[in-house]
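Just below is one structure, and these are the notes that go with it.
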Amino acid sequence: MSNISSYGGDQNRKFKATGFFRVEKADDRWWMVDPDGNAFVTIGVNHTDETNLKYEHNFDIWKEKYGSRENWLKGLSKDLKDWGFNTIGWTGDYISGDWGKALDWYGDPINLGHSTGWAAADYKVADMPYVLQIRVSEIEDWNGQPAYPDVYSDEFDKYCGYLARSICADHADSKNLIGYFLVDIPGWIPHASGRFFKGFEGLSEEEHNKKLFDVATKYYETMTKHIRQYDPNHLILGDRYNGNKGIPEPVLEAMKPFVDVLSIQYFTSNNKEGYEQMRNDFAKWQKIVDKPVINADIGNWCQTKMNPNRVSDLKTQTDRAEDYIASINELLNEPWFIGWHWCAHVENKARGWGIKDPYDNPYSDFIDPVKEFNKKIYETI
Numbered sequence: 001m002s003n004i005s006s007y008g009g010d011q012n013r014k015f016k017a018t019g020f021f022r023v024e025k026a027d028d029r030w031w032m033v034d035p036d037g038n039a040f041v042t043i044g045v046n047h048t049d050e051t052n053l054k055y056e057h058n059f060d061i062w063k064e065k066y067g068s069r070e071n072w073l074k075g076l077s078k079d080l081k082d083w084g085f086n087t088i089g090w091t092g093d094y095i096s097g098d099w100g101k102a103l104d105w106y107g108d109p110i111n112l113g114h115s116t117g118w119a120a121a122d123y124k125v126a127d128m129p130y131v132l133q134i135r136v137s138e139i140e141d142w143n144g145q146p147a148y149p150d151v152y153s154d155e156f157d158k159y160c161g162y163l164a165r166s167i168c169a170d171h172a173d174s175k176n177l178i179g180y181f182l183v184d185i186p187g188w189i190p191h192a193s194g195r196f197f198k199g200f201e202g203l204s205e206e207e208h209n210k211k212l213f214d215v216a217t218k219y220y221e222t223m224t225k226h227i228r229q230y231d232p233n234h235l236i237l238g239d240r241y242n243g244n245k246g247i248p249e250p251v252l253e254a255m256k257p258f259v260d261v262l263s264i265q266y267f268t269s270n271n272k273e274g275y276e277q278m279r280n281d282f283a284k285w286q287k288i289v290d291k292p293v294i295n296a297d298i299g300n301w302c303q304t305k306m307n308p309n310r311v312s313d314l315k316t317q318t319d320r321a322e323d324y325i326a327s328i329n330e331l332l333n334e335p336w337f338i339g340w341h342w343c344a345h346v347e348n349k350a351r352g353w354g355i356k357d358p359y360d361n362p363y364s365d366f367i368d369p370v371k372e373f374n375k376k377i378y379e380t381i
């Protein structure tokens, strides 16, 4: 690890330093580049929410171990670096609602409550690379009451302007910021609730796709122009598409001029066929946009004492670690792959799994092999 930069980049692979994170294609491979010009693979953890340690079963642990948000942030940063992670992923967390035995995006609508993300000052305390989320519209597949906007309206334009000045202005000069995600798993395929953008009723497939391209173009154009106004320095990572549900080609075509990275949430089946399906899906979508790819949310689970309902083919924390390594290895040497963000940090009562158990202890059978794998990434590529 001696050749690892302060940002978590590979000092053996050098590019032009610009003072901010960026992407570059060199020798037919995409790389993220850290502010000092080192090759960088973003290895992140999502859903780092302090309130997961403020339930009735663990609040005393938080008080005794941390006692303040600042101490918790510093402890988190140390943990992530010790485990070979170099990025703070999306910090909002799933804290209410239930998806039952499986995430069925085409079945009955689900309504999963999510916490708010960190304040700008929190990232300064944590002092490591991070990403931000800009919730352009409340159209997530996990949102039981999605509100599809009129993207052509003055109201939408003004709201995007507000989001940019309220979020981007505070981070525009940050060297640790990688870039901005937009909506988490947006419902670009008609939502399970039956709601969608207006004007799509009764259209033929060709008409639907043309209109979808137009709507998506206006959506990306509007939000990104406001981001660029307040922050010309950082990457636009785009929507965190729901890869398990699929991504409409017209939406990918629409995002191409406005977004720097193709970001996909994808929870793969824990077998060879599942890993290959994920890789093939990523390759198919990447070919359309010709951009580097992040798996923006990937995870797995097994039954635990607190969450016996989280059933999967994985029976132990060791199984989870083996699946982590196998799923990432499937993507690692693809020329377009630049990183992943793991779900999630502390096991809570809603999501039901994590790197740490509900009492803030790492699942050692999971994290020990994962840590070893993470720290050898630049040797593997």
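Going by the UniProt record's numbering, the sequence shown opens with residue 1, and the numbers climb by one from there. Glycine included, every Cβ here is placed at the ideal spot set by N, Cα and C. Everything numeric in this text was worked out from a predicted model, so none of it was measured.
Quiz prompt | Endpoints, beta strand (DSSP E) assigned at R22 | solution = R22 to A26
Quiz item: Looking at the unbroken alpha helix (DSSP H) that takes in I236, where does it start and where does it end?
Solution: Segment L235 to N242 is the beta strand (DSSP E) holding I236; no alpha helix (DSSP H) there.
Practice problem: Starting from the Cα of H57, find the closest Cα among N3, K349 and V370 and give me that residue. | Solution: K349
Quiz item: If you draw a straight line from the C-alpha of residue 398 to the C-alpha of S204, how long is it?
Solution: An answer regarding residue 398 cannot be provided, because it is not within the stretch 1 to 381 covered by the chain.
Practice problem: Return the first residue and the last residue of the beta strand (DSSP E) that T42 is part of. | Solution: T42 to V45
Quiz prompt | Outcome for D141 when other beta-carbon atoms lying within 10 angstroms are tallied against a minimum of 16 | solution = buried
Exercise. Determine the direct distance from the alpha carbon of V261 to that of M255, and round the result to whole angstroms.
Key: Taking the CA atoms as reference points, M255 sits about 10 Å from V261.
Quiz item: Relative to the C-alpha of T18, which residue among V136, R69 and N176 is closest?
Solution: N176
Quiz item: Tell me which same chain residues have a C-beta within less than 6 Å of the C-beta of N3, skipping the five on either side of it?
Solution: Only Q11 and N12 meet the Cβ criterion.
Quiz item: Excluding five sequence neighbours on each side, which residues of the same chain lie with their C-beta closer than 7 Å to the C-beta of D108?
Solution: Once the five neighbours on either side are set aside, the close Cβ partners of D108 are A192.
Exercise. For residue 400, write down the residues that DSSP places opposite it in a beta bridge.
Key: The requested residue 400 is not part of the displayed model; the chain covers only 1 to 381.
Quiz prompt | Given S312 as reference, the closest of S269, V259, W285 and F200 once Cα atoms are compared | solution = Residue S269 is the option with its Cα nearest to S312.
Quiz prompt | E24 to D290 span [Cα, whole Å] | solution = 12 Å
Quiz item: Between the segment 53 to 72 and the segment 291 to 304, are three or more C-beta pairs nearer than 8 Å?
Solution: no
Self-check item: Three-pair Cβ contact test at 8 Å for the segment 195 to 213 versus the segment 66 to 83
Solution: Cβ pair count under 8 Å is below three, so no.
Practice problem: Taking the CB atoms as reference points, tell me whether T87 and G117 lie closer together than 8 Å. | Solution: no
Exercise. In angstroms with no decimal places, state the Cα-to-Cα distance between I355 and Y159.
Key: Rounded to the nearest angstrom, the two C-alpha atoms are 36 Å apart.
Quiz item: Just reading off the alpha helix (DSSP H) that N329 is part of, what are its end residues?
Solution: Q317 to L332
Quiz prompt | Where V131 falls: helix, strand or coil (DSSP) | solution = Of the three classes helix, strand and coil, the one that applies to V131 here is strand, per DSSP.
Quiz item: What is the DSSP secondary structure of A216, counted as helix, strand or coil?
Solution: Assigned with DSSP and collapsed to three states, A216 falls in helix.
Quiz item: Per DSSP, what kind of secondary structure is G179 in: helix, strand or coil?
Solution: Looking at G179 - three-state DSSP - the assignment turns out to be strand.
Practice problem: Could you tell me which of L235, D27 and Q303 sits nearest to W353, measuring between CA atoms? | Solution: Q303
Practice problem: Specify, as a first and last residue, the run of the alpha helix (DSSP H) that W285 falls within. | Solution: Secondary structure note for W285: its alpha helix (DSSP H) is the uninterrupted segment K272 to V289.
Exercise. Take R195 as the anchor and find which of A169, R228, E138 and A216 has the nearest alpha-carbon.
Key: E138
Quiz item: Do S77 and N38 come within 8 Å of each other at the CB atom, strictly closer than that value?
Solution: no
Self-check item: Simplified DSSP assignment, three categories, for S77
Solution: helix
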